[in-house]
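UniProt numbering applies: residue 1 is where the sequence shown begins, and numbers increase by one.
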Amino acid sequence: MPKVSSVIVPYAVYLRVYEPLAAFPEPERTHWARYARRPDLPSYQDELRRSLAGLLPTPPVAAPVQESDDAFVTEVDGVLCVCPWRTRLRGWLALAELDEELPRPVLEAALPEVVRRQAAQDHERWLESNPDARPWIRTAVWQVPLHWFVLVSDEERACEKGTGEVAPVLRYRTPMVQARRRVARSLRTLKDSMDEGPLIEGLLDVGRWLEEFHPRSLVELDYGGLVHVLPAGDLEDDHSARDVAEGIEALRTGDGAAAGEAYARLVERWRSVRDRRSAN
Numbered sequence: 001m002p003k004v005s006s007v008i009v010p011y012a013v014y015l016r017v018y019e020p021l022a023a024f025p026e027p028e029r030t031h032w033a034r035y036a037r038r039p040d041l042p043s044y045q046d047e048l049r050r051s052l053a054g055l056l057p058t059p060p061v062a063a064p065v066q067e068s069d070d071a072f073v074t075e076v077d078g079v080l081c082v083c084p085w086r087t088r089l090r091g092w093l094a095l096a097e098l099d100e101e102l103p104r105p106v107l108e109a110a111l112p113e114v115v116r117r118q119a120a121q122d123h124e125r126w127l128e129s130n131p132d133a134r135p136w137i138r139t140a141v142w143q144v145p146l147h148w149f150v151l152v153s154d155e156e157r158a159c160e161k162g163t164g165e166v167a168p169v170l171r172y173r174t175p176m177v178q179a180r181r182r183v184a185r186s187l188r189t190l191k192d193s194m195d196e197g198p199l200i201e202g203l204l205d206v207g208r209w210l211e212e213f214h215p216r217s218l219v220e221l222d223y224g225g226l227v228h229v230l231p232a233g234d235l236e237d238d239h240s241a242r243d244v245a246e247g248i249e250a251l252r253t254g255d256g257a258a259a260g261e262a263y264a265r266l267v268e269r270w271r272s273v274r275d276r277r278s279a280n
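Rendered as structure tokens:
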């Protein structure tokens with residue numbers, strides 16, 4: 001499919017799971033094996049532009065009529081790993097959260113109730129024959145949820161400066177087994193140190209999600225388009241995964257002051273991004 005636009009969409013970040021090709025049943029396995037040999041694989045910006053283009057018609061398209069047959073691909077120790085887009089499924093799931101994200105007048109202007117209701121009914125019918133479906137990609141906007149940083153370590157951080165037409169990149173990649181281990185350890189510490197709250201709830205949710213995938217999968221936290229709203233110096237100095245790890249370790253050892261300092265660094269780092277979100 002041709003590119004919809006060359007405009008940079010700056011606000012989305014991603015948590016992805018790449019599964020080894022062997023985890024997919026036929027004929028999907030063969031499809032992805034052929035797909036990976038394409039010379040023009042699309043980017044996350046291509047997917048996001050296509051999704052946003054669906055909001056332009058009248059009435060807008062809340063979720064694609066057909067499921068995407070695109071994916072992100074990578075190799076891990078010589079093994080081809082695939083992260084299907086599943087844009088239609090993710091569109092349905094995102095719609096279910098919009099009531100809490102947007103004021104009613106804005107929501108009605110962007111996606112009228114009749115459009116949302118039809119999409120919800122389509123999703124319900126689809127679930128009858130696909131009850132175990134789950135996305136390979138989770139998306140957040142204008143921030144990286146703190147519990148995502150628990151899955152990775154600062155040593156797995158890759159930061160590349162943009163040059164010319166090449167956009168900057170900030171991402172973490174870790175083996176699935178390591179991500180699951182970090183979730184389990186952090187949950188034990190947090191439950192011993194604090195009451196139930198968004199951080200624990202988020203970790204429980206993402207932990208259940210990770211259990212749905214092949215144990216030899218790769219987990220990727222990608223800042224995506226958010227790198228375009230972070231000043232270059234801030235991007236290079238962003239070690240949020242290290243701050244989260246230090247905060248949790250401080251809680252484990254009973255050092256409340258050190259935990260508070262780590263949290264303060266995170267709040268200060270992400271304040272400017274949150275302010276920009278509010279301005280939009």
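Positions of the beta carbon are idealized from the N, C-alpha and C atoms, including for glycine.
Fill in: Span of the alpha helix (DSSP H), counted from its first residue to its last, around V106
Boundaries of the alpha helix (DSSP H) around V106: R104 to A110.
Discussion item. Taking DSSP's pairing of strands, which residues face P84 in a bridge?
Written reply: DSSP, once it has assigned bridges, lists A71 as partnering P84.
Item to complete: Would you mind listing the beta strand (DSSP E) stretches within the segment 158 to 218 that are 3+ residues and don't spill past its ends, in chain order?
Response: For the segment 158 to 218, whole beta strand (DSSP E) runs of length 3 or above, ordered along the chain, are 169 to 175.
Worksheet item: Taking the Cβ atom as the reference point for each residue, do Y14 and T139 lie within a distance shorter than 8 Å?
Response: In this structure, Y14 lies near T139, with their beta-carbon atoms less than 8 Å apart.
Discussion item. With distance defined between alpha-carbon atoms, name the residue in H147, V227, D192 and W209 nearest to P198.
Written reply: Considering only alpha carbons, the answer is H147.
Discussion item. Beta-carbon within less than 7 Å of W32's beta-carbon, same chain only, minus the 5 sequence neighbours each way: which residues are those?
Written reply: Closer than 7 Å at Cβ, skipping near neighbours: L21, F24, A71 and V82.
Worksheet item: Around the C-beta of P103, are 16 or more other C-beta atoms found within 10 angstroms, so that it is buried, or is it exposed?
Response: Under this definition P103 is an exposed residue.
Worksheet item: Are the CB atoms of L151 and R182 nearer to each other than 8 Å?
Response: In contact: L151 and R182 (Cβ atoms closer than 8 Å).
Worksheet item: Which residue comes first and which comes last in the alpha helix (DSSP H) that contains T30?
Response: Its alpha helix (DSSP H) spans residues E28 to Y35.
Worksheet item: Under the rule that 16 or more other beta-carbon atoms within 10 Å means buried, what is P135, buried or exposed?
Response: Classification for P135: buried.
Worksheet item: Can you check whether the CB of R49 is closer than 8 Å to the CB of S68?
Response: No, Cβ-Cβ distance for S68 and R49 is not below 8 Å.
Item to complete: Taking G256 as the reference, give the member of T189, W270 and R208 with the closest Cα.
Response: It is T189 whose Cα lies nearest to the Cα of G256.
Worksheet item: Mind checking whether G254 and Y11 have CB atoms under 8 Å apart?
Response: No, the pair does not count as a contact, with Cβ atoms beyond the cut-off.
Discussion item. Does the structure place the segment 256 to 276 close enough to the segment 202 to 217 that three or more beta carbon pairs sit under 8 Å?
Written reply: Contact between the segment 202 to 217 and the segment 256 to 276 is absent: fewer than three C-beta pairs spanning the two stretches fall below 8 Å.
Fill in: Alpha carbon of L127 to alpha carbon of E113, nearest angstrom
One C-alpha to the other measures close to 21 Å.
Worksheet item: Taking all protein chains shown into account, do 16 or more other C-beta atoms lie within 10 angstroms of the C-beta of P2, making it buried, or fewer, making it exposed?
Response: In this prediction, P2 scores a pLDDT of 41, lower than 50, which makes its location untrustworthy; the coordinate-derived value is nonetheless stated afterwards. With fewer than 16 neighbouring CB atoms inside 10 Å of its own CB, P2 falls in the exposed class.
Fill in: Length at least 4, wholly inside the segment 230 to 274: the alpha helix (DSSP H) runs in chain order
Qualifying alpha helix (DSSP H) stretches, in chain order: 232 to 237 and 240 to 252.
Discussion item. On the DSSP bridge list, what partners appear for Y18?
Written reply: L218, per the DSSP bridge assignment.
Worksheet item: Helix, strand or coil for R138 per DSSP?
Response: Strand, per DSSP.
Worksheet item: Can you list, in chain order, the residues of its chain whose CB lies under 6 Å from that of A36, leaving out five sequence neighbours each side?
Response: Excluding residues within five positions, the ones whose Cβ falls inside 6 Å are V73 and L80.
Worksheet entry | Three-state secondary structure (DSSP) of V150 | Reduced to three states, the DSSP call for V150 is coil.
Item to complete: Have a look at E156 and V219 and give me their C-alpha separation to the nearest angstrom.
Response: Each residue's CA atom was taken as its position, placing E156 and V219 some 11 Å apart.
Worksheet entry | Proximity winner among L221, I137 and R171, relative to residue 313 (alpha-carbon distances) | Examination of residue 313 is not possible in this model, given that the chain is present from 1 through 280 alone.
Item to complete: Express the C-alpha separation of P60 and residue 307 in angstroms, rounding to a whole number.
Response: As displayed, the chain neither begins before 1 nor continues past 280, which places residue 307 out of reach and without an answer.
Fill in: Distance between V76 and S217 (C-alpha atoms, nearest Å)
Their backbone Cα atoms lie some 9 Å apart in a straight line.
Discussion item. Can you give me the C-alpha to C-alpha distance between A184 and I248, rounded to a whole angstrom?
Written reply: Distance from the CA of A184 to the CA of I248, rounded to the nearest whole angstrom, comes to 12 Å.
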